[in-house]
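J.: Residue 41 in my numbering sits at position 37 of the sequence shown; the count goes up by one each step and never skips.
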Amino acid sequence: MHSADGEKIQRVKEDRQKSMMAPHLCLWATLMLVWGSLVPPVHSALAPENEVPLRPTTWLPEGKITSVTLPKGRLRRLYFTLKKKTSVMWVTVSPCHLPIEWSLAARTLKDKPLKNLQWSTKKSMPEIWWRGPGTEVKIHSFSGDTADTYSGPSHPRASVYILRLRSKQQTTKATVFLHEGPGPLGIFPLLPADPRVHTLGVGMTSVTLSWAPSASIKSLPKAKNSFEYCVLTNSLQNYPSLCAVNERKKIEENPNRGKEGKKGQVTSWPVLKELWWEERDSYPESQTLPSTLTDDLDDLQCACQGTENVCTVSELLPDTSYYFDVFVIDKVNGTSAAYKGTSARTHEEARAAVVPLREGELRWVTFQDRGSNWQQFFSFRPRGWQQSGLLTLQSCGGGEKITVTVSSKGQVLTSQKVGADLIHIWLQGSPSYLILLQQDETTTSQVTKVTDAVQLGGLKASVKMQVSSAYHRRGVPSLPSTLQIKSFNRLRGCNSVTLAWMGTEERSLYCVYRRKLSNFNEEAGGASALTAPCLGPESRSDTERVLCKYFQELNPRRAVTTAVIGGLEPGMAYVFDVYLMRRWGIPIKYASKMVKTRKEC
């Protein structure tokens with residue numbers, strides 16, 4: 005009796021527990037159903053490749069260009085069937101800008117699936133039929149970044165054709181075109197048997213190209229203009245298609261486009277993201293390409309455009325590598341075909357001759373009127389282990405703009421303007437130096453004016469230059485505080501005058517030259533011409549030299565020297581010039597001083 009009561013009590017407790025667990029089991033089952041609908045089927049690594057889950061199937065239309073997106077590393081499948089009595093088919097796959105792999109296979113399925121197959125899970129009849137026994141024959145495969153076409157007979161027992169595409173590098177695009185029946189397709193421009201682009205000539209700023217004409221253009225009546233060539237030039241690479249050109253252009257216009265795309269794909273629901281990719285990739289977008297291609301052509305800058313198969317690309321940079329691509333375009337169907345591009349390097353600019361400068365050589369550099377930016381090159385190798393030197397320059401024209409640039413081993417050491425005042429450039433530490441004199445802007449009138457002024461001294465020059473090795477010096481030499489010559493009226497006589505000028509703390513040689521003016525008023529122009537700073541002692545006659553003397557004063561404020569010039573004629577006007585003669589550098593000319601002796605004493 006007691007045992008029967010105990011069993012009843014036990015059954016009541018179990019019924020209560022089951023009733024309490026029922027709501028939890030219902031909730032758990034509901035969650036699993038919802039979650040199961042979100043989670044995509046997981047493909048086992050050991051499952052055969054032809055096992056595909058049931059999802060919307062992508063069918064490839066016939067006679068239409070279909071654009072397909074190929075995510076990185078993911079296999080895309082396109083299916084199609086042929087009409088009855090179709091003997092020949094054409095499949096054209098055109099990658100955009102990256103290499104892809106694609107293959108075409110014919111699959112034959114049994115009419116009735118076998119029912120005695122053992123499955124780990126329950127399968128629907130369509131899936132059992134698909135995964136059932138059947139044969140698959142690979143018809144064609146290709147790997148590369150160029151357009152490829154398969155043309156051949158249809159498979160006699162094929163139930164469905166499978167086109168598989170994959171991009172291993174990164175996400176890209178490709179276009180697919182299916183044509184049933186014998187060719188030619190007629191939708192793509194025809195390339196010649198030799199689709200290479202040839203280089204006829206290369207210049208400094210231009211390259212001439214030629215290529216075999218396309219049969220599409222050769223057979224085209226002159227009245228129609230549905231086909232044309234487009235020649236594109238860039239300095240990066242050759243492109244296999246116009247799509248690749250447009251992709252590169254988008255990247256240049258928006259360098260962060262790829263980064264923004266990656267940021268936009270980040271989500272906290274990886275399962276939903278995977279499902280979205282599966283569904284998104286199942287429907288390739290088909291495009292009507294003529295309008296799209298027309299818009300792209302408007303944005304492209306064709307170096308040559310038309311039906312001529314010879315093109316000269318001009319306005320190129322010297323000594324630069326360029327890549328040239330030729331595309332034949334069907335403007336009616338919106339398709340294009342790419343020739344095999346070529347590359348060429350333009351010639352270097354004609355380098356100016358480099359003139360070596362001798363030790364201590366005084367050189368006059370003349371600039372002719374050859375337009376702007378005319379330049380001359382010189383080189384100098386200093387003597388001695390110190391590898392030091394002193395470069396001295398002086399401009400002989402008032403309105404010229406001349407720049408001197410000194411470089412060594414490809415590096416610019418200094419660049420300065422050359423004016424009427426003497427400039428010194430200290431060279432040190434290099435075995436050789438390249439000196440560039442460049443005329444920035446000089447008009448014909450300026451050159452003529454300068455030349456006329458200098459011709460009075462028997463010289464024709466625009467810049468005076470001298471360079472010497474400095475064995476023991478550590479810098480540029482000191483210059484007088486002023487280059488003015490002073491005459492004393494009280495010390496002016498009928499046969500002599502007294503002159504004074506500033507010297508330096510270095511021991512130097514000073515030479516005085518004189519020139520008599522026969523008529524002061526008539527020779528006023530000649531006197532002004534003699535003030536030209538470029539007229540050195542080498543341009544003067546020995547008969548004009550009056551005296552030369554050494555002078556040195558350690559105190560710059562007291563560095564004043566005088567000279568009494570005798571042997572003059574009464575009442576005559578004389579022009580006196582003083583030159584500071586140095587071992588290094590151009591002699592420094594003081595400002596000319598005109599003095600007239602007294603008539604009566």
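From the three backbone atoms N, C-alpha and C, an ideal C-beta is built for every residue, glycine too.
As a quick exercise: from 231, 145 and 211, pick the residue whose alpha carbon is nearest that of residue 326.
T.: Considering only alpha carbons, the answer is 211.
J.: Quick check: the segment 181-198 against the segment 103-114, are at least 3 beta-carbon pairs closer than 8 angstroms?
T.: With the cut-off at 8 angstroms, the segment 103-114 and the segment 181-198 do not touch.
J.: Under the rule that 16 or more other beta-carbon atoms within 10 Å means buried, what is residue 605, buried or exposed?
T.: Classification of residue 605: exposed, given that the 10 Å Cβ count is below 16.
J.: Of the residues 258, 507 and 379, which one's Cα is nearest the Cα of residue 356?
T.: For the residues 258, 507 and 379, the minimum Cα distance to residue 356 belongs to 379.
J.: Return helix, strand or coil for residue 308, following the three-state DSSP convention.
T.: Correct three-state label for residue 308: strand.
J.: DSSP three-state label for residue 321, please.
T.: Note: residue 321 maps to coil in three-state DSSP.
J.: Can you name the residues that DSSP bridges to residue 152?
T.: 97.
J.: Could you name the residues of the same chain whose beta carbon sits closer than 6 angstroms to that of residue 270, not counting the 5 residues immediately before and after it, in chain order?
T.: Note that residue 270 has pLDDT 41, beneath the 50 cutoff, so the model's placement of it is unreliable and the number below is only indicative. Cβ neighbours of residue 270 beyond the five flanking positions: none.
J.: In chain order, what residues of the same chain have a beta carbon less than 6 angstroms from the beta carbon of residue 238, not counting five sequence neighbours either side?
T.: Cβ within range, chain order: 327.
J.: Let's test the definition: count the other Cβ atoms within 10 Å of the Cβ of residue 434 and tell me whether it reaches 16, buried, or not, exposed.
T.: Buried is the call here.
J.: Just to confirm my understanding: we take residue 63, look at its own chain, exclude 5 residues before and 5 after, and list those with CB closer than 7 angstroms. What are they?
T.: If we look at residue 63 and ignore the five residues flanking it on each side, its Cβ neighbours are 83 and 84.
J.: Can you find the residues in the same chain that come closer than 7 angstroms, C-beta to C-beta, to residue 163, ignoring five residues on each side of it along the sequence?
T.: Once the five neighbours on either side are set aside, the close Cβ partners of residue 163 are 111, 112 and 113.
J.: Please confirm whether residue 336 has its beta-carbon closer than 8 angstroms to some beta-carbon of chain B.
T.: This model lacks chain B altogether; it includes just one protein chain.
J.: If you run the structure through DSSP and keep just helix, strand and coil, what is residue 219?
T.: Residue state, collapsed to three classes: helix.
J.: By Cβ distance below 6 angstroms, which residues in the same chain neighbour residue 360 in space, the five residues on each side in sequence not counted?
T.: Contacts found: 383.
J.: Quick check: the Cα distance between residue 215 and residue 141, rounded to an integer number of angstroms?
T.: Those two C-alpha atoms are separated by around 40 angstroms.
J.: Relative to the alpha-carbon of residue 143, which residue among 168, 576 and 320 has its alpha-carbon at the smallest distance?
T.: The candidate whose alpha carbon is nearest that of residue 143 is 168.
J.: Taking the alpha-carbon positions, what's the residue 591 to residue 413 distance?
T.: Cα-Cα distance, rounded: 30 angstroms.
J.: Using the three-state DSSP reduction, which class does residue 112 fall into: helix, strand or coil?
T.: DSSP places residue 112 in strand when its eight states are reduced to three.
J.: Does residue 257 come out as helix, strand or coil in the three-state DSSP assignment?
T.: If DSSP states are grouped into helix, strand and coil, residue 257 belongs with the helices.
J.: Could you give the residue range of the beta strand (DSSP E) that holds residue 238?
T.: 231-238 is the span of the beta strand (DSSP E), which, as asked, contains residue 238.
J.: Mind checking whether residue 600 and residue 576 have CB atoms under 8 angstroms apart?
T.: Yes. Within cutoff.
J.: Secondary structure at residue 511, three-state DSSP: helix, strand or coil?
T.: Three-state result, residue 511: coil.
J.: Under 7 angstroms Cβ to Cβ from residue 79, same chain only, skipping five residues before and after it: list those, please.
T.: The residues are 168 and 170.
J.: Nearest to residue 425 by alpha carbon, out of 440, 469 and 431?
T.: Of 440, 469 and 431, the residue nearest in Cα terms is 469.
J.: Run through DSSP, which three-state label would residue 252 get?
T.: Here residue 252 sits in helix by DSSP.
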